[in-house]
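Presented below is the structure to which this report refers.
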Amino acid sequence: MAEFFDALTDEHIDFIKRQPMFFVATAAADGRINLSPKGDDAFRVLSPKRVAFLNLTGSGNETDAHLKRDGRITFMLNSFDKKPLILRIYGTGWSAPYGSSEYEEHISLFPDIPGARQIVFADVGSVQTSCGFAVPEMELVRQRPVLRRLLESRGQEVLAENWRTKNAKSIDGFDTTLGEAIK
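Residue numbers (this note's numbering): 1 to 183.
And the structure:
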């Protein structure tokens with residue numbers, strides 16, 4: 001049975017800290033809905049009413065574009081171990097691009113991960129837990145090292161060019177805050 005909460009509880013926060021991955025979903029009024037898996041120790045609970053994650057360089061920048069247009073964001077974390085649970089965080093979010101004062105103020109909360117391009121923040125509107133009985137039980141082998149290796153090999157100039165050419169607009173043509181920051 002699903003339960004709703006106005007904020008994250010200590011039990012929720014402990015659960016979040018144990019999860020090796022999370023999912024983030026965003027949408028604008030038009031265009032595609034985005035749903036992305038994330039890992040690599042990139043999620044932080046800043047308070048019971050605010051969370052953040054380190055957004056790494058990738059092939060697109062849909063989350064940022066949708067937040068700029070609409071602001072709605074949903075996170076989902078689920079247990080893959082013996083005790084099933086799904087936790088969703090519904091909120092309103094925004095992005096702080098690489099080099100911005102808000103980015104610089106918060107980057108120390110995260111490990112040094114190559115290719116960090118934004119910190120995405122979200123104010124928690126509500127939290128929902130549900131059973132997760134249909135989620136398979138699995139074991140984590142490791143975090144994939146592929147993205148880290150790739151981004152380490154490229155250097156900051158190449159990453160900045162990637163941001164200008166591939167991350168300044170969404171696949172639906174929506175502007176991103178990163179695109180504005182690197183002009």
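Cβ coordinates follow ideal geometry from the N, Cα and C atoms, glycine included.
Between the options, which lies nearest to residue i when the distance is taken from Cα to Cα?
i	options	result
residue 12	26, 49, 30 and 41	49
residue 9	26, 45, 19 and 1	45
residue 74	151, 175, 158 and 27	27
residue 135	102, 111, 104 and 82	82
residue 143	51, 38 and 7	38
residue 166	156, 70 and 179	179
residue 40	123, 107 and 148	148
residue 177	139, 67 and 159	67
residue 192	155, 160 and 152	With the chain represented from 1 up to 183, any question about residue 192 goes unanswered, as that position is not in the structure.
residue 99	156, 14, 47 and 76	156
residue 18	151, 150 and 42	42
residue 94	162, 121, 169 and 151	121
residue 47	72, 158 and 16	16
How should residue i be labelled, buried or exposed, when 16 other C-beta atoms within 10 angstroms of its C-beta is the threshold for buried?
i	result
residue 65	buried
residue 164	exposed
residue 109	exposed
residue 62	buried
residue 150	exposed
Is it the case that the CB of residue i approaches a heavy atom of the ligand ATP more closely than 6 Å?
i	result
residue 128	Among the components of this structure there are no ligands whatsoever, and the ligand ATP is therefore not found.
Within a Cβ cutoff of 8 Å, which residues of the same chain sit near residue i, ignoring the five residues on either side of it in sequence?
i	result
residue 132	78, 79, 84, 85 and 86
residue 5	12, 126, 127, 128 and 129
residue 140	20 and 80
Return the chain-ordered list of same chain residues with a C-beta closer than 6 Å to the C-beta of residue i, the five sequence neighbours on each side being excluded.
i	result
residue 3	129
residue 25	35 and 74
What does a CB cutoff of less than 7 Å around residue i pick up in its chain, not counting 5 residues either side in sequence?
i	result
residue 123	49, 50, 91 and 92
residue 70	27, 28 and 29
residue 111	41
Throw me the rounded Cβ distance for the residue i and residue j pair, which I believe falls under 8 Å.
i	j	result
residue 53	residue 36	Residue 53 to residue 36, Cβ: 10 Å. No contact.
residue 171	residue 32	7 Å
residue 103	residue 89	About 21 Å; that fails the 8 Å criterion.
Within 8 Å, do at least three Cβ pairs link the stretch 108-116 to the stretch 53-62?
Yes, the stretch 53-62 touches the stretch 108-116.
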